[in-house]
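These notes concern the structure reproduced below.
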Amino acid sequence: MEELKQKLKEQIIEALNLQDTRPEDIKDDAPLFGEGLGLDSIDSLELMVLLERSYHIKVEDPREGRKILQSVQSMAEFIKSKQPA
Amino acid sequence: MAAISPQHTFEGDLSVQPMVISSGNMLSCVEPDYKAFIPGNSLRRMSRILKIGLTTALRCLQDSGIETPGAIVTGTGKGSLQDTEKFIKEILDYKETALNPTPFIQSTYNAVNGLIALQQKCTQYNNTFVHRGFSFENALLDSMLLLHEGKENVLAGAFEEITAEHFYIKSRVGQWKSEDISNDTLYQHFSPGTISGEGAAFFVLGPEATANTYAELAGLKMLYKPSQEKLAASLQTFLQSHEEIDMVLTGRNADINYDRYYQVVDQQLSGIPQLPFKHLCGEYDTAGAFALWLGAQLLKTQQLPLQWFPMQHQTPAKLRNILIYNNFFGEQHVFMLLKGI
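In the order they appear, the protein sequences are chains C and B. Under this note's numbering, think of the first position of the first sequence as 67, with each following residue one higher. Under this note's numbering, think of the first position of the second sequence as 173, with each following residue one higher.
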């Protein structure tokens, strides 16, 4: 799980071109939108694309997407839940 | 007004800037520090031409002392090529699935206008013209019509970028020289093709001159694929309704395929000094915007940056009226007349 979260932080920084942000600056449970990293609705679409391209997971329901993209922790838990045990 | 180009134009004072010399037949913009104009969180998502276009527009507004323009009107022949190429490549790579929205959004021609409007909170008239070599000139024409209708402080401009991919595609149809030259020696290489370029230039247009005004745009004429005879006749008519010309800013680009049109101007205006500008900015759909910016600079400062024009030996004592003549690969031809204030 820790390895996945670290990888996700690196991927988020690269996909969203978060200059001046390092993986260690992103707390596992800090909100990605609003107060935390200050991401917006376009970023949420980019993160959906990231999940599809890197983890082959398609999020069909936008309401579900909101919960999944809450934090790095929630994203990692969602990915784990979709991967075969 | 403001310009970002392959020369140091963003700083404004041309007299102290050396000419930027590049080889490889592809001139690229000298880019400023964007962070002074665009918030970091917005900057991270923008592609190069969006940053160039938006920053030029913001610098222009700053230069004019205007915060919110009365209208935003631009022209671009190709828009954001980088985003278009990225989006098309991703369609292929990911087989039309999992497509990133940002390059698609930014590949639309009116993305720069949208960014200017958002950043300046401008909800006024907003239009982008995409008409190849007439893109900027149609933006100018629309701006002039808006001024006639009573609008003030119309922000008019153009932006264009070149990418390696697009340079390669156009090299296949012979637009660029086959020999590798540097821009300062362009006019010594009369052969098929020219050098490519890019840039952005923005202007605030108003119905009356103010203390900040650089020049007056006194005439604009567009001709599509004219014969040499038609071009000569149109130039004569254009000049009849205007005063004496002190200098011609010519879009001559050392492309032997279309030089016959520039020879028409040579014959009609023999004895009047001509100043070529394509060695500074390269050839692109909206290079006329660079010429307009340069002409207005020369009229305001009454100084010719000789380091940019080593070929120029004949300089008028006073610049009052400048004629700009440009054509885009023989198709779109434009006359503009600029008058000093």
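No residue lacks a Cβ here, since even glycine has one placed at the ideal position from N, Cα and C. In this text the structure is predicted, and so the values were computed from the model without any measurement.
Item, Value
"Contact list for I108/C against chain B, beta-carbon separation under 8 Å", "R217, P273, T274, I277"
"Straight-line Cα distance separating P398/B from F301/B", "22 Å"
"As assigned by DSSP and simplified to three states, the class of F276/B", "helix"
"Selection from S120/C, L135/C, Y121/C that minimises the alpha carbon distance to D127/C", "L135/C"
"Contact set between R119/C and chain B, taken where Cβ atoms lie within less than 8 Å", "Y266, A270"
"Three CB pairs or more closer than 8 Å across the region 223 to 232 of chain B and the region 372 to 380 of chain B", "yes"
"Interface flag, L70/C vs chain B, CB-CB below 9 Å", "no"
"Close Cβ partners of K393/B (< 6 Å) along its chain, the five nearest in sequence each way excluded", "F410, F507"
"Residue ranges of each alpha helix (DSSP H) within the region 261 to 349 of chain B, 4 or longer", "273 to 279, 283 to 292, 307 to 320, 336 to 344"
"Interfacial residues, the region 76 to 88 of chain C to chain B, with Cβ spacing under 9 Å", "A81, L82, N83, L84, Q85, D86"
"Under 9 Å from the C-beta of L111/C: neighbouring residues of chain B", "N272, P273, T274"
"Distance CB(A330/B)-CB(T256/B) smaller than 9 Å", "no"
"Residue-chain proximity (V115/C, chain B), Cβ-Cβ < 9 Å", "yes"
"Min CB distance G104/C to chain B below 9 Å", "yes"
"Classification of F362/B by the beta-carbon crowding that lies within 10 angstroms, buried from 16 upward", "exposed"
"Given L215/B as reference, the closest of L82/C, L98/C, F99/C once Cα atoms are compared", "L82/C"
"Where the beta strand (DSSP E) through V376/B begins and ends", "371 to 377"
"First and last residue of the uninterrupted alpha helix (DSSP H) at Y497/B", "Looking at the DSSP string, Y497/B is not in any alpha helix (DSSP H); the run it does join, the beta strand (DSSP E), is 493 to 500."
"Cross-strand partners of V188/B (DSSP beta bridge)", "Answer is none; V188/B lacks a bridge partner."
"Local conformation of P448/B per DSSP, three classes", "strand"
"DSSP beta-bridge partners of E388/B", "K511/B"
"Close beta carbons around N429/B, own chain, < 6 Å, minus the five adjacent residues each side", "P364"
"Chain C residues whose Cβ lies nearer than 8 Å to that of N213/B", "G104"
"Helix, strand or coil at I367/B according to DSSP, with G and I counted as helix", "coil"
"Spatial neighbours of N298/B in its chain, beta-carbon cut-off 6 Å, leaving aside the 5 residues before and after", "I244, N285, A289"
"Inter-residue spacing [alpha-carbon to alpha-carbon] between G467/B and D94/C", "57 Å"
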